[in-house]
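Asker:
Chains as they are written, first to last, in the numbering used here: chain A, 1 to 383; chain B, 1 to 383.
(1) Can you list, in chain order, the residues of its chain with a C-beta nearer than 7 Å to that of residue 132 of chain A? Leave out the 5 residues immediately preceding and following it.
(2) For residue 177 of chain A, count the other beta carbons within 10 Å of its own beta carbon; 16 or more makes it buried, fewer makes it exposed. Which is it?
(3) Please identify the residue among B/348, B/334, B/93 and B/370 whose C-alpha is closest to the C-alpha of residue 80 of chain A.
(4) So residue 307 of chain B is in the alpha helix (DSSP H); what residue range does that whole segment cover?
(5) Given a limit of 8 Å on CB to CB distance, which residues of the region 202-236 of chain B reach chain A?
(6) For the beta strand (DSSP E) containing residue 268 of chain A, list its first residue and its last residue.
(7) Quick one: using the 10 Å Cβ neighbour count with 16 as the cut-off for buried, is residue 149 of chain B buried or exposed?
(8) Considering only residues of the same chain and omitting the five flanking positions on each side of residue 110 of chain A, which have a CB-CB separation below 7 Å?
(9) Label residue 18 of chain A either buried or exposed according to how many other C-beta atoms from any shown protein chain fall within 10 Å of its C-beta, with 16 as the threshold for buried.
(10) If we require 3 or more residues per run, which beta strand (DSSP E) segments fall completely within the region 6-78 of chain B?
(11) Using DSSP bridges, identify the partner residues of residue 182 of chain B.
(12) Considering only the alpha carbon of each residue, which of A/221, A/364 and A/337 lies closest to residue 386 of chain A?
(13) At a CB distance below 8 Å, what residues from the region 31-50 of chain B approach chain A? Give them in sequence order.
(14) DSSP on residue 316 of chain B, reduced to helix/strand/coil?
(15) Is the shortest distance between the beta-carbon of residue 383 of chain B and the beta-carbons of chain A less than 8 Å?
(16) Here's the rule I'm using: 16 or more other beta-carbon atoms within 10 Å means buried, otherwise exposed. How should residue 57 of chain A be labelled?
(17) Could you check what DSSP says for residue 206 of chain B in three-state terms: helix, strand or coil?
(18) Considering only their Cβ atoms, is the gap separating residue 195 of chain B from residue 163 of chain B smaller than 8 Å?
(19) Determine whether the beta carbon atoms of residue 362 of chain A and residue 272 of chain A lie at a separation below 8 Å.
(20) Any idea what DSSP makes of residue 345 of chain B, helix, strand or coil?
(21) Can you tell me whether residue 194 of chain B is helix, strand or coil according to DSSP?
(22) Look up residue 325 of chain B in the DSSP assignment and give the residues it is bridged to.
(23) Distance, Cα to Cα, residue 310 of chain B vs residue 218 of chain A?
(24) With 8 Å as the threshold, decide whether the Cβ of residue 107 of chain B is near any Cβ in chain A.
(25) Would you tell me roughly how many angstroms separate the C-alpha atoms of residue 339 of chain A and residue 301 of chain A, rounded to the nearest one?
(26) Name the chain A residues that come within less than 7 Å of residue 370 of chain B, Cβ to Cβ?
(27) So with Cβ pairs under 8 Å, would you call residue 318 of chain B a contact of chain A?
(28) Less than 8 Å between CB atoms is the rule here; does residue 17 of chain A satisfy it with respect to chain B?
(29) Among all the DSSP beta bridges, which residues are the ones paired with residue 407 of chain B?
(30) What in chain B is Cβ-close to residue 73 of chain A, meaning under 7 Å?
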C-alpha cells in the first residue's frame, strides 16, 4: 500500500530494462487531487543531478501532480543533455496523463556519470502510466530499489486521514540527506507552505540524522504530495507528529538495510549544551571508520568514541564524558568505567550513549558498522 | 642511523614486555648537545593523552634533552593516574641520565583507555638508558612500531650538518596530525623559536596532509631536537627545505604502510582559488569511503569524487571540474570525459588530479584505499 494508502493516489512500478538485472526500474506516483499541494527537500550537495535541478524548479510553486522515478542510473554529472533527459521524462508523463509538465517531479538513482538510455526509459514511462492503480504502492516501492535488499514502505492512519511513504537508500547515506529517494503522500488537506514547513522539520530529525557512510549523494530527494481527498484538515501539531513518525520509520528502514552492514547503530548524545552540539558529536562518531570497524568486531572500543568527540567544537570537558555501549558505561568521566567484557554487541541493534554533561539537549544519529561487505559492494559497484 | 645520523645524538630501543608479542617497545633518544633547543607539535584533538599533556609542558621553554617513547599502550583517557605515569617515566630517564626532568618529553602509542604497566615500563626505561649508542637509531625506530610492518626512518646531510628522523604510524592517520609519533634530530645550530617556526611549516605540508582514515589520534606528537654539534648555522630557507623534505619523506612512508591499504593515493587538487580550498577539497575526497572503496576495486569512479567535492564550500563551478585518474581525464567539465577503461589502477600508487579551474593554488593530500584488511585490522585490534 504505502504511497497509495492515502485516498487520491495511484502508483505503479515496471521494468524498462535500465538495470542489467532485469528487475523493475521505473515507478510513477500520481496525485489525483482534488489538491495538488506539495513540498520537497533535496540534497545540499553542490554537485547535484539533473533530476534534482528539474524537480526543484517543478515544486517551486508548491504544486505537484506526479513523481516519476527510475533506478538504474542517477543522471548526475551529465550536463545539459542530462537535464533535457529529465525534462523529456517529465514531459512524457504529462502527455500520457494529461498533466501540466511543471507539476511532474523526476527522481533518478544509480551510477553517477552515465546518460540514461532514453530509448528504454520512455517506453517504460508509458508502461508505468498504463499500469497505475490504487494497489500500485508496493510495485512502485520495488521499482526504485538499487542495492536495497528489501523495499521500504510505511503508512499511518489518523482520524480519517493518512500518510504513506516509500523510500530507497542503501549506500551513500549521509547528513544533509542520505542517498535516498522518498515519496510521501497524504490525503489530508494541507496547504503547500505548511507541507514545506512540516517536511523540513520531519526531515531534520529523521533523514538528516541517518548517516550510514558519511557520503552525501547528488540525487537525494524527498517529495511530499497532499491530495486533500480525505476532506480533513488536521491541526499542524498532529500532522507534524504523524509525518515525523513516518520519516523516522523510513530512516530506520534505510539504516537497517544499508549496504553490507552487520549492525544498526544508534549514537545517542545526551547532556549537550545545544541540539547542534549533540548532532555534531553524534555525526563525528558516526563518521569514524575506526569506531565503525570496532562495532563490526563486537568491540566496545570507547577510546575511539572519545577520540572522535575530541575533534569537534562542541561544549564538553574530556574528563566529564560518559560512554555506554548497550547500557554498560564502559567510560565514566573520560576514563575507564565498567568492565568492557560485560558488553554484548552480538545483536544487530547497538546503542551507544554519550553523556557530555554540558547541558540538557540531545540528538540521535543512526549509522552502521564498517564491514567487509560494505567494502566489497562499493569496490565492485560499477564494474 | 636516522635519529642518530646527526652528531650529538644517541638512541636505543629495548623490549620491556608491554606488547603481548614480545617485540621491542621502549625507545629513548638523547640530545647530548651542546644545544638543547627543541620544538614540538601535537595532536589538535581535544581529547589528548597524558604524555601529550606532559610533553607540551616540557617543551614550552624550547628545551629538550631527551624523548622517551613506548608502544604497547597510549596512556590516553587514563586521568590523573595516567599523567603521574608519564611524569614517573620522564623522571626515571632524568635520574638515569642526569638530566632535568622538564627536559624529557614522553610519547606513548597503542590502545586508548588502559593504564601502562609501570612495573614493566620503568625497568625497560632503565635498560634503554643503559643501551644508548650512536648506532641506536634503528633500534629506536623499531621499538615504536605498533601495527607498522616496517620501521620508518629518513635522513639528509647538507653542507656539514644533517637532519635525521623516525616515525611510527599505521592507523588513525588524519589531518591535524595522524596517529603518529615522530622524532626529528639535527646537529645544526638553530634557536628554539626558529625550530618551532620551521617545524610548524614542515608539518603543515607533510604530516597534516597525510589522511589515511580520517580519524585523528589522541597521541600525535612530532618532536624536533637540535644539538648544534655540527657548529653550522644554516640559513632559514635551507634548513626549512631540508626539514620539509624529511617530513614529506616520513609522511609518505606512513601512508605507504597504512593499515590494510592496497593503494597509496595522492589526491592532487590544482586550479584552486586558495591553498585552503585545495586542502579542503583534497581532504573531503580522501575521507570519502565510497571513493576509497572504488580505488580498492581498481575503479576510476569519478562520480564519487565529484559528489565529495560538492559538499565543500570551496570556490568552483560543478561544470568546470576536471578529474584525472593516473593521467586519464575521465571527467571533463563536470561530465563524462575520456573512456574510463583507459585507466589502469592496478599499481599501488594512484594519482587523482582534480582541476577546479578557480585559481592558481594547489595542494596534495595523501591517503589510502579502504580494504577488507583495513576493516579486519580495526575490527580485531583490541580483542
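Heads up, the beta-carbon is just placed ideally off N, CA and C, and yes, glycines get one too. These numbers were taken from a predicted model, which means no experiment stands behind them.
Answerer: According to the structure data:
(1) Cβ-Cβ distances below 7 Å link residue 132 of chain A to 10, 11, 12, 28 and 30 in the same chain, with the five nearest sequence neighbours on each side left out; the list follows chain order.
(2) Residue confidence for residue 177 of chain A is low, a pLDDT of 38 falling below 50, so the modelled location carries little weight; the figure read from the coordinates is stated next. With a 10 Å radius around the Cβ and a threshold of 16 neighbouring Cβ atoms, residue 177 of chain A comes out buried.
(3) Among B/348, B/334, B/93 and B/370, the Cα nearest to that of residue 80 of chain A belongs to B/334.
(4) Unbroken alpha helix (DSSP H) run through residue 307 of chain B: 302-309.
(5) Residues of the region 202-236 of chain B whose Cβ lies closer than 8 Å to any Cβ of chain A, in chain order: 213, 214, 215, 216, 217 and 218.
(6) Per DSSP, residue 268 of chain A belongs to the beta strand (DSSP E) from 264-272.
(7) Looking at its Cβ environment, which holds fewer than 16 other Cβ atoms inside 10 Å, residue 149 of chain B is exposed.
(8) So the list reads 71, 72, 73, 74 and 146, once near-sequence residues are dropped.
(9) Buried, because 16 or more other Cβ atoms sit within 10 Å of the Cβ of residue 18 of chain A.
(10) DSSP runs (the beta strand (DSSP E)) wholly in the region 6-78 of chain B: 9-14, 26-31, 37-42 and 66-70.
(11) BP columns for residue 182 of chain B point to B/167 and B/222.
(12) With chain A running from 1 to 383 in the structure shown, residue 386 of chain A is simply not present.
(13) Of all residues in the region 31-50 of chain B, 44, 45, 46, 47 and 48 have a Cβ within less than 8 Å of some Cβ in chain A.
(14) In this structure, residue 316 of chain B counts as coil in the three-state DSSP scheme.
(15) Residue placement at residue 383 of chain B is poorly supported in this model, since its pLDDT is 43, which falls under 50; the coordinates still yield a value, given next. Yes, residue 383 of chain B lies at the interface with chain A (some Cβ there is under 8 Å from its Cβ).
(16) So residue 57 of chain A counts as exposed.
(17) Coil.
(18) Result no, Cβ atoms of residue 163 of chain B and residue 195 of chain B do not sit closer than 8 Å.
(19) The criterion of a C-beta distance shorter than 8 Å is satisfied by residue 362 of chain A and residue 272 of chain A.
(20) Correct three-state label for residue 345 of chain B: coil.
(21) When DSSP states are grouped into helix, strand and coil, residue 194 of chain B belongs to the helix group.
(22) DSSP lists B/328 and B/352 as partners of residue 325 of chain B.
(23) Rounded to the nearest angstrom, the two C-alpha atoms are 8 Å apart.
(24) Not one chain A Cβ lies under 8 Å of residue 107 of chain B.
(25) Distance from the CA atom of residue 339 of chain A to the CA atom of residue 301 of chain A, rounded to whole angstroms, is 12 Å.
(26) Against residue 370 of chain B, the close residues of chain A are 375, in the order they occur along the chain (beta-carbon pairs closer than 7 Å).
(27) Residue 318 of chain B counts as touching chain A.
(28) False, the Cβ-Cβ gap to chain B never drops below 8 Å.
(29) For residue 407 of chain B there is no data in the structure shown, the boundaries of chain B being 1 and 383.
(30) Within 7 Å Cβ-Cβ: nothing; residue 73 of chain A doesn't reach chain B, min ~11 Å.
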